[in-house]
Amino acid sequence: MEVVAVLAIFSYQLKKATIAFESLQVPLDKLTNFDSLVTTNGLLSKAEQQILKEFQQQLE
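The opening position of the sequence shown corresponds to residue 81 in my numbering, with each subsequent residue numbered one higher.
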């Protein structure tokens with residue numbers, strides 16, 4: 081069986097994952113992502129957003 085595409089509900093937008101999907105030439109579609117979650121609706125302060133961005137970078 082061959083994977084022709086992947087649909088994800090959420091993406092942490094990790095560079096390693098992006099590179100992996102590109103190298104396999106498998107399209108990856110996402111319903112939402114980390115940046116949208118952190119910035120949408122103004123629920124988090126800029127300081128809280130920065131903390132979460134640093135967390136995201138540690139995942140790399």
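In this text, a Cβ means the ideal position worked out from N, Cα and C, and glycines have one as well.
- Message: For residue 91 and residue 82, what's the separation of their Cα atoms in angstroms?
- Response: 22 angstroms
- Query: Which residue comes first and which comes last in the alpha helix (DSSP H) that contains residue 98?
  - Reply: 95 to 104
- Which of the three DSSP states, helix, strand or coil, is assigned to residue 88? strand
- Message: Can you find the residues in the same chain that come closer than 8 angstroms, C-beta to C-beta, to residue 93, ignoring five residues on each side of it along the sequence?
- Response: 113, 114, 115, 136
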